[in-house]
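*Asks:* A single structure is presented below for examination.
Number of protein chains: 2
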Amino acid sequence: MEKLFFVTRSEENYIKTIFHLGGNSSALIATNAIAEQMETKPSSVTDMAKKLAEKGLVHYKKYQGISLTDIGIKTALSIIRKHRLWEVFLVKKLDFTWDEVHEVAEQLEHIKSEKLIDKIDELLDFPKFDPHGDPIPSKDGKFMERDKQLLSDVELNTEGVCVGVKDTSAAFLKFLDKNKIALGNTIKVLEKEDFDQSLHIEMEGKALHISHQIASNLYIKKND
Amino acid sequence: MEKLFFVTRSEENYIKTIFHLGGNSSALIATNAIAEQMETKPSSVTDMAKKLAEKGLVHYKKYQGISLTDIGIKTALSIIRKHRLWEVFLVKKLDFTWDEVHEVAEQLEHIKSEKLIDKIDELLDFPKFDPHGDPIPSKDGKFMERDKQLLSDVELNTEGVCVGVKDTSAAFLKFLDKNKIALGNTIKVLEKEDFDQSLHIEMEGKALHISHQIASNLYIKKND
DNA sequence: ACAAATTTTTAGATTTGTCTAAATTTTAAT
DNA sequence: ATTAAAATTTAGACAAATCTAAAAATTTGT
Numbered sequence: 000m001e002k003l004f005f006v007t008r009s010e011e012n013y014i015k016t017i018f019h020l021g022g023n024s025s026a027l028i029a030t031n032a033i034a035e036q037m038e039t040k041p042s043s044v045t046d047m048a049k050k051l052a053e054k055g056l057v058h059y060k061k062y063q064g065i066s067l068t069d070i071g072i073k074t075a076l077s078i079i080r081k082h083r084l085w086e087v088f089l090v091k092k093l094d095f096t097w098d099e100v101h102e103v104a105e106q107l108e109h110i111k112s113e114k115l116i117d118k119i120d121e122l123l124d125f126p127k128f129d130p131h132g133d134p135i136p137s138k139d140g141k142f143m144e145r146d147k148q149l150l151s152d153v154e155l156n157t158e159g160v161c162v163g164v165k166d167t168s169a170a171f172l173k174f175l176d177k178n179k180i181a182l183g184n185t186i187k188v189l190e191k192e193d194f195d196q197s198l199h200i201e202m203e204g205k206a207l208h209i210s211h212q213i214a215s216n217l218y219i220k221k222n223d
Numbered sequence: 000m001e002k003l004f005f006v007t008r009s010e011e012n013y014i015k016t017i018f019h020l021g022g023n024s025s026a027l028i029a030t031n032a033i034a035e036q037m038e039t040k041p042s043s044v045t046d047m048a049k050k051l052a053e054k055g056l057v058h059y060k061k062y063q064g065i066s067l068t069d070i071g072i073k074t075a076l077s078i079i080r081k082h083r084l085w086e087v088f089l090v091k092k093l094d095f096t097w098d099e100v101h102e103v104a105e106q107l108e109h110i111k112s113e114k115l116i117d118k119i120d121e122l123l124d125f126p127k128f129d130p131h132g133d134p135i136p137s138k139d140g141k142f143m144e145r146d147k148q149l150l151s152d153v154e155l156n157t158e159g160v161c162v163g164v165k166d167t168s169a170a171f172l173k174f175l176d177k178n179k180i181a182l183g184n185t186i187k188v189l190e191k192e193d194f195d196q197s198l199h200i201e202m203e204g205k206a207l208h209i210s211h212q213i214a215s216n217l218y219i220k221k222n223d
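In order, the protein sequences belong to chains A and B. Under numbering that gives the first Met the number 0, the first residue of the first sequence is numbered 0, with each subsequent residue one higher. Under numbering that gives the first Met the number 0, the first residue of the second sequence is numbered 0, with each subsequent residue one higher.
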């Protein structure tokens with residue numbers, strides 16, 4: 000039986016970042032990569048790595064890198080579950096727009112109450128995806144990775160549905176709103192410009208010309 | 000124009016405690032009283048008093064005591080507003096019992112987002128009282144103090160409605176649940192035992208015998 | 001009013017999370 | 001293979017929030 004440690008807010012943020020950079024794989028994540036992602040210094044990451052290793056949340060070998068232990072992964076999934084459920088709550092129940100939810104969810108994800116998040120889950124009727132199309136882990140840490148591709152990667156004439164965004168920045172999301180691009184919209188790729196990789200697409204019946212930068216941040220699920 | 004400081008979680012907890020001990024009056028609160036209430040040491044209170052004074056949230060005179068400034072009072076009311084609105088949310092929307100809400104609300108009250116709490120307020124249809132009968136300050140810091148008295152203080156044959164509790168501990172609230180005593184219930188005081196101050200009452204039509212300890216923690220509003 | 005008791009503050013230490021600057025290790029290049 | 005560059009760690013410092021123990025101020029009792 001592993002000893003139970005209290006996990007601080009700062010530790011939770013590190014765990015979350017390590018998960019996002021490395022997934023559930025045992026690949027070693029570089030100190031620098033974590034520091035850059037968190038906008039902190041590599042030396043701070045080293046300090047925290049020792050603390051997390053002490054608590055059994057990460058594997059850490061000096062100069063090699065950091066990866067999550069099984070407990071670390073479980074912890075990360077629990078935080079991500081909370082973050083994404085709160086995002087759904089904010090959008091569905093409180094009329095937040097999808098570009099507004101991240102900052103508040105960053106705070107709410109640290110609230111410690113199993114009952115609270117399970118009740119929120121129930122209130123929302125157990126959603127499987129958050130407002131950006133990212134999957135919500137279940138209580139026991141499982142989640143469905145949706146069959147999706149970047150719009151920039153699919154062949155000409157592919158038809159499908161917009162199911163998610165890669166870039167979740169407020170700037171990008173507001174751009175999508177302004178251009179009436181929303182999850183659930185039908186998409187067909189009509190033409191690809193060789194010169195700048197921009198795409199001519201049909202979205203919900205209307206013709207649209209989008210840059211490569213936009214296409215490489217939109218996920219679509221191809222029609223069967 | 001007063002300088003705007005970030006108020007930390009710990010500072011918010013001190014502000015809240017000072018408000019609860021001293022209200023909006025300018026009465027000076029003793030270092031010891033605050034320390035006892037917060038289960039901390041007087042020396043820690045002194046340290047924090049200096050910090051809060053620096054930020055313009057309290058008046059502090061060495062050896063004299065501490066009281067909130069106008070900004071401090073505004074800050075306190077904002078925290079209390081958030082705490083009580085979250086309590087209502089937990090009970091009304093997530094089926095928490097009134098003895099379960101305090102601990103979670105203690106965390107939620109520190110979430111920083113004006114839009115969030117205003118939307119929660121709206122979702123709950125702008126409640127005026129929390130699950131324990133305590134008034135919820137409005138956005139601009141006003142709240143109605145209800146016309147209420149301790150059940151132990153009213154005269155014989157008084158009739159009224161149970162509108163609040165003084166002791167909000169889980170133990171007391173669970174006791175009330177077990178004995179089917181709830182806010183909104185009608186109450187009539189039938190007889191007072193001189194020996195131990197216990198009361199014979201009629202609650203929702205049924206006879207009940209309650210100790211002085213219970214009666215001195217229940218608020219009732221007398222019928223007109 | 002003065003000594004004793006109480007309250008409050010100060011001084012110095014501790015923990016957490018961070019930083020800078022210097023030292024060390026690893027990686028890459030020729 | 002040796003050196004230069006890059007990444008990483010260590011050492012020492014700092015701010016926030018707390019504590020203990022000692023000093024100072026206030027209050028109380030006679």
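Every residue, glycine too, gets a C-beta built ideally from N, C-alpha and C.
Taking C-alpha atoms, which residue in A/D139, A/L115, A/K114 and A/R145 lies nearest to A/D129?
*Replies:* Considering only alpha carbons, the answer is A/R145.
*Asks:* Along the chain, where does the alpha helix (DSSP H) that runs through A/K73 open and close?
*Replies:* Per DSSP, A/K73 belongs to the alpha helix (DSSP H) from D69 to L93.
*Asks:* Answer yes or no: does any C-beta atom of chain B fall closer than 8 Å to that of A/I226?
*Replies:* As displayed, chain A neither begins before 0 nor continues past 223, which places residue 226 of chain A out of reach and without an answer.
*Asks:* Does any C-beta atom of chain A lie closer than 8 Å to the C-beta of B/V103?
*Replies:* It does: the Cβ of B/V103 has a partner Cβ on chain A nearer than 8 Å.
*Asks:* Listed from N- to C-terminal order along the chain, which residues in the region 56–90 of chain B have their beta-carbon within a distance smaller than 8 Å of any beta-carbon of chain A?
*Replies:* Result list: L89.
*Asks:* For B/I219 versus B/M202, is the C-beta distance shorter than 8 Å?
*Replies:* Result no, Cβ atoms of B/I219 and B/M202 do not sit closer than 8 Å.
*Asks:* One question on the structure: do A/V164 and A/F171 come within less than 8 Å of each other, judged by their Cβ atoms?
*Replies:* Yes, these two residues count as a Cβ contact at 8 Å.
*Asks:* Are the Cβ atoms of B/L107 and A/I110 separated by less than 8 Å?
*Replies:* Taking 8 Å as the Cβ cut-off, B/L107 and A/I110 qualify as a contacting pair.
*Asks:* Evaluate B/Y62 with the Cβ neighbour count: other Cβ atoms within 10 Å of its Cβ, from every protein chain shown; 16 or more gives buried, anything less gives exposed.
*Replies:* When all chains shown are included, B/Y62 counts as exposed.
*Asks:* Pick out whichever of A/K191, A/Q196, A/D195 and A/L207 has its Cα sitting closest to the Cα of A/I180.
*Replies:* Among A/K191, A/Q196, A/D195 and A/L207, the Cα nearest to that of A/I180 is on A/L207.
*Asks:* Sorted by chain position, which residues of the same chain lie with C-beta nearer than 8 Å to A/I119's C-beta, five sequence neighbours on each side aside?
*Replies:* Counting only Cβ-Cβ distances below 8 Å, and skipping sequence neighbours, we find L84, W85 and F88.
*Asks:* So with CB distances below 8 Å, who are the chain A contacts of B/D94?
*Replies:* Here the neighbours are K118.
*Asks:* Buried or exposed: which applies to B/T227, given that a residue is buried once 16 or more other Cβ atoms fall within 10 Å of its Cβ?
*Replies:* This structure cannot speak to residue 227 of chain B, because chain B is shown only from 0 to 223.
*Asks:* For the candidate residues B/I65, B/S42, B/K40 and B/L175, whose alpha-carbon lies nearest to that of B/H131?
*Replies:* Taking only the C-alpha atoms, the option nearest B/H131 is B/L175.
*Asks:* Taking the C-alpha atoms as reference points, what is the distance between B/G55 and A/L51?
*Replies:* The straight-line gap from Cα to Cα measures roughly 38 Å.
*Asks:* Which residues does DSSP pair with B/H199 in a beta bridge?
*Replies:* B/H199 pairs with B/E190 and B/H208.
*Asks:* Going by DSSP, what residue range makes up the beta strand (DSSP E) through A/V6?
*Replies:* Element bounds for A/V6: n/a, residue is neither H nor E.
*Asks:* Compute the beta-carbon to beta-carbon distance between A/S66 and A/A34, rounded to the nearest angstrom, for a pair I have assumed lies under 8 Å.
*Replies:* With 8 Å as the limit, A/S66 and A/A34 do not qualify as a contact, their Cβ atoms being about 16 Å apart.
*Asks:* Cα separation between B/P41 and A/S137?
*Replies:* Answer to the nearest angstrom: the Cα atoms are 45 Å apart.
*Asks:* Out of curiosity, what's the CA-to-CA distance linking B/Y13 and B/M37?
*Replies:* The straight-line gap from Cα to Cα measures roughly 8 Å.
*Asks:* Please determine, among B/G71, B/S77 and B/S215, the residue with the shortest C-alpha to C-alpha distance to B/S151.
*Replies:* Ranking the options by Cα distance to B/S151, first place goes to B/S215.
*Asks:* Residues of the region 25–41 of chain B with a CB closer than 7 Å to any CB of chain A: list them in chain order, please.
*Replies:* Of all residues in the region 25–41 of chain B, none has a Cβ within less than 7 Å of some Cβ in chain A.
*Asks:* Establish whether the CB of A/L198 and some CB of chain B are separated by less than 8 Å.
*Replies:* No - not a single Cβ of chain B is within 8 Å of the one on A/L198.
*Asks:* Tell me which same chain residues have a C-beta within less than 7 Å of the C-beta of A/N31, skipping the five on either side of it?
*Replies:* Excluding residues within five positions, the ones whose Cβ falls inside 7 Å are P41.
*Asks:* Give me the Cα-Cα distance between A/S168 and B/G64, rounded to the nearest whole angstrom.
*Replies:* Spanning the two alpha carbons is a distance of roughly 48 Å.
*Asks:* Relative to the C-alpha of B/D229, which residue among B/I209, B/K205 and B/L189 is closest?
*Replies:* An answer regarding residue 229 of chain B cannot be provided, because it is not within the stretch 0 to 223 covered by chain B.
*Asks:* Should B/G204 be labelled buried (16 or more other beta-carbon atoms within 10 Å of its own) or exposed?
*Replies:* The residue is exposed, with fewer than 16 neighbouring Cβ atoms inside 10 Å.
*Asks:* Which chain B residues are close to A/L122, counting only those with a beta carbon under 8 Å from its beta carbon?
*Replies:* Correct list: K92 and L93.
*Asks:* With 8 Å set as the bound, which would you pick, yes or no: does the beta-carbon of B/L172 sit closer than that to a beta-carbon of chain A?
*Replies:* Answer no: the Cβ-Cβ gap between B/L172 and chain A never drops below 8 Å.
*Asks:* Taking C-beta pairs closer than 7 Å, name the residues in chain A that B/L107 reaches, listed in chain order.
*Replies:* Near B/L107 (Cβ distances below 7 Å), the residues of chain A are I110.
*Asks:* Along chain B, which residues have their Cβ under 7 Å away from the Cβ of A/L189?
*Replies:* Ordered by position in chain B, no residue passes the 7 Å Cβ test against A/L189, which lies about 40 Å from the chain.
*Asks:* Going along chain B, which residues have a C-beta under 7 Å from A/L217?
*Replies:* The contacting residues do not exist; A/L217 stays about 27 Å from chain B at best.
*Asks:* Does DSSP put A/T167 in a helix, in a strand, or in coil?
*Replies:* Coil at A/T167, not helix or strand.
*Asks:* Where does B/V153 fall in DSSP's three states?
*Replies:* If DSSP states are grouped into helix, strand and coil, B/V153 belongs with coil.
*Asks:* Below 8 Å between beta carbons: does that hold for A/N222 and A/E121?
*Replies:* Taking 8 Å as the Cβ cut-off, A/N222 and A/E121 do not qualify as a contacting pair.
*Asks:* Using DSSP with H/G/I as helix, E/B as strand and the rest coil, what is B/P126?
*Replies:* B/P126: coil per DSSP, three-state reduction.
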